[in-house]
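**Student:** Below is a structure I'd like to ask you about.
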Amino acid sequence: MKNNLAMNGPVVLVRGAGEQASGVAWTLAKAGFRVVMTEVAKPLMVRWPVCFGTAVAEGRCEVDGIAACRVEEPNQCEDVWRGGEVPVLVDPDLKGLSELKPAVLVDAILAKRNLGTKRDMAPMTIGLGPGFTAEIDVDVVVETNRGHYLGQLIYSGMAQANTGIPGVIEGVSKERVVYSPKAGVFKAKRIIGEQVLAGDCLGEIEDEMGKVEVFSAINGVLRGLLRMDTPVEALVKIADIDPRGHKEYCWTISEKARAIGSAVLLSILSSHLLKPLCLKEN
210 MKNNLAMNGP
220 VVLVRGAGEQ
230 ASGVAWTLAK
240 AGFRVVMTEV
250 AKPLMVRWPV
260 CFGTAVAEGR
270 CEVDGIAACR
280 VEEPNQCEDV
290 WRGGEVPVLV
300 DPDLKGLSEL
310 KPAVLVDAIL
320 AKRNLGTKRD
330 MAPMTIGLGP
340 GFTAEIDVDV
350 VVETNRGHYL
360 GQLIYSGMAQ
370 ANTGIPGVIE
380 GVSKERVVYS
390 PKAGVFKAKR
400 IIGEQVLAGD
410 CLGEIEDEMG
420 KVEVFSAING
430 VLRGLLRMDT
440 PVEALVKIAD
450 IDPRGHKEYC
460 WTISEKARAI
470 GSAVLLSILS
480 SHLLKPLCLK
490 EN
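Numbering (our numbering), first residue to last: 210 to 491.
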């Protein structure tokens, strides 16, 4: 089937192509913006079936009906946009920024700190979550903490501090997320979409000293799991168990990612910069 998605609006560069970044990119692409995403060469993505960053390893991927493909150079983006797809470029240092000339830059890396985004990188800059200060290093900060203020647009100051505690789903918080007990290479023993029980082995971390198994602490559906043979550091998120047990949630954008994506779209549409940007593009 031909992709009829029209992507001919202003260019938006999204730093990062993980789960929340992909929710932002999906929303903006649906709205007609020419979205380009940048990633590292080996991104860590637990919910990789709903991450456009999967295109880095596989060349192409699809999230909720929108396709993405890896490009090697910024000048390849126009052809991808004409095909109604999202280009993903391995460019963590934004070496292609001057060629892409984005009207809007969204830092969606969610590193809980600013990894180099500056307010002068684009006419409008947006930062997701902790690590950014509106009016100093970005124009707008979007709240990413679950709860009443999720998606709030902050025009002065910072988002809520990182709690280090996963959001509550069905009354479960820390237990639904699995972290690597040590550095090594992750070997998956299960697959995303499987129902697991508390105590089930999800995989193992292997290094020169041997292997350490990792287990689920709760019953639920395995909504996210690192890909086979992924190198990890200690205390890195490697799995996500959803206690709601709905298998279809594994393959669709989460409510949190949709809320953040909608907030970013609202911030752009409500900006005084949008009108001149659209006129410039036309």
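From the three backbone atoms N, C-alpha and C, an ideal C-beta is built for every residue, glycine too. As the structure is a computational prediction, the values presented were derived from the model and not from experiment.
Where residue 402 and residue 384 are concerned, what is the direct C-alpha to C-alpha distance, given to the nearest angstrom?
**Tutor:** Working through the sequence shown from its first residue, we reach residue 402 at position 193. Working through the sequence shown from its first residue, we reach residue 384 at position 175. Taking the straight line joining both Cα atoms gives about 18 Å.
**Student:** With DSSP run on the structure shown, which of helix, strand or coil describes residue 330?
**Tutor:** Taking the first residue of the sequence shown as position 1, residue 330 is located at position 121. In the structure shown, residue 330 sits in a helix (DSSP, three-state: H, G or I).
**Student:** In its own chain, which residues sit with a C-beta less than 7 Å from the C-beta of residue 327, not counting the 5 before and 5 after it?
**Tutor:** Working through the sequence shown from its first residue, we reach residue 327 at position 118. Cβ within range, chain order: 346.
**Student:** Rounded to the nearest angstrom, what separates residue 316 and residue 442 at their Cα positions?
**Tutor:** Locating residue 316 in the sequence shown gives position 107, counting from the first residue. Locating residue 442 in the sequence shown gives position 233, counting from the first residue. Distance between the alpha carbons of residue 316 and residue 442 is about 23 Å.
**Student:** Could you name the residues of the same chain whose beta carbon sits closer than 7 Å to that of residue 294, not counting the 5 residues immediately before and after it, in chain order?
**Tutor:** Position 85 of the sequence shown holds residue 294. 212, 276, 277, 278.
**Student:** State the beta-bridge partners of residue 243 as determined by DSSP.
**Tutor:** Residue numbering aside, residue 243 sits at position 34 when the sequence shown is read from its first letter. Residue 243 pairs with 220.
**Student:** Considering only the alpha carbon of each residue, which of 453, 448, 422, 304 lies closest to residue 386?
**Tutor:** Here residue 386 corresponds to residue number 177 of the sequence shown, with the count starting at 1. The shortest Cα separation from residue 386 among 453, 448, 422, 304 belongs to 448.
**Student:** Cα separation between residue 413 and residue 226?
**Tutor:** For this step, residue 413 is matched to residue 204 along the sequence shown. For this step, residue 226 is matched to residue 17 along the sequence shown. If you take the alpha carbons of residue 413 and residue 226, they lie about 26 Å apart.
**Student:** Determine the contact status of residue 411 and residue 398, defining contact as a CB-CB distance below 8 Å.
**Tutor:** Against the sequence shown, residue 411 aligns to sequence position 202. Against the sequence shown, residue 398 aligns to sequence position 189. Yes, they are a contact pair.
**Student:** In whole angstroms, what is the alpha-carbon distance linking residue 343 and residue 363?
**Tutor:** Numbered from 1 along the sequence shown, position 134 holds the residue referred to as residue 343. Numbered from 1 along the sequence shown, position 154 holds the residue referred to as residue 363. Each residue's alpha carbon lies about 7 Å from the other.
**Student:** Does the pairing of the segment 413 to 433 with the segment 360 to 377 give three or more beta-carbon distances under 8 Å?
**Tutor:** No, the segment 413 to 433 does not touch the segment 360 to 377.
**Student:** Quick one: measure Cβ to Cβ for residue 313 and residue 477, integer angstroms, because I've assumed they're closer than 8 Å.
**Tutor:** To locate residue 313, count along the sequence shown from 1; it is residue 104. To locate residue 477, count along the sequence shown from 1; it is residue 268. With 8 Å as the limit, residue 313 and residue 477 qualify as a contact, their Cβ atoms being about 6 Å apart.
**Student:** Counting only the same chain and skipping the five closest in sequence on each side, list residues whose C-beta sits under 7 Å from that of residue 273.
**Tutor:** Counting from one through the sequence shown, the residue named residue 273 turns up at place 64. Cβ neighbours of residue 273 beyond the five flanking positions: 235, 461, 462.
**Student:** On the DSSP bridge list, what partners appear for residue 458?
**Tutor:** Translated into the one-based positions of the sequence shown, residue 458 becomes position 249. The partner list for residue 458 (beta bridge, DSSP) is empty, contrary to what the question assumes.
**Student:** Could you compute how far the alpha carbon of residue 241 sits from the alpha carbon of residue 335?
**Tutor:** Stepping through the sequence shown from its first residue, residue 241 is reached at position 32. Stepping through the sequence shown from its first residue, residue 335 is reached at position 126. If you take the alpha carbons of residue 241 and residue 335, they lie about 18 Å apart.
**Student:** Tell me, which residues are paired with residue 267 by DSSP?
**Tutor:** Position 58 of the sequence shown, counting from 1, holds the residue named residue 267. According to DSSP, which records beta bridges pairwise, residue 267 is partnered with nothing at all.
**Student:** Rounded to a whole number of angstroms, what is the C-alpha to C-alpha distance between residue 472 and residue 233?
**Tutor:** Sequence index remark: in the sequence shown, residue 472 carries index 263 (1-based). Sequence index remark: in the sequence shown, residue 233 carries index 24 (1-based). Whole-angstrom Cα-Cα distance: 9 Å.
**Student:** Between residue 445 and residue 253, which are expected to be in contact by the criterion C-beta below 8 Å, what is the C-beta distance as a whole number of angstroms?
**Tutor:** Against the sequence shown, residue 445 aligns to sequence position 236. Against the sequence shown, residue 253 aligns to sequence position 44. Between residue 253 and residue 445 the Cβ distance is about 7 Å, and since that is below 8 Å, they are a contact.
**Student:** From this set, 322, 307, 260, which residue's C-alpha is nearest residue 297's C-alpha?
**Tutor:** As a working mapping, residue 297 is identified with position 88 in the sequence shown. Looking at the Cα atoms, 260 is the closest of the given residues.
**Student:** Please specify which runs of the beta strand (DSSP E), each continuous and at least 3 residues long, are wholly inside the segment 307 to 377, giving them in chain order.
**Tutor:** Here the runs fully enclosed are 313 to 316, 333 to 337, 349 to 351.
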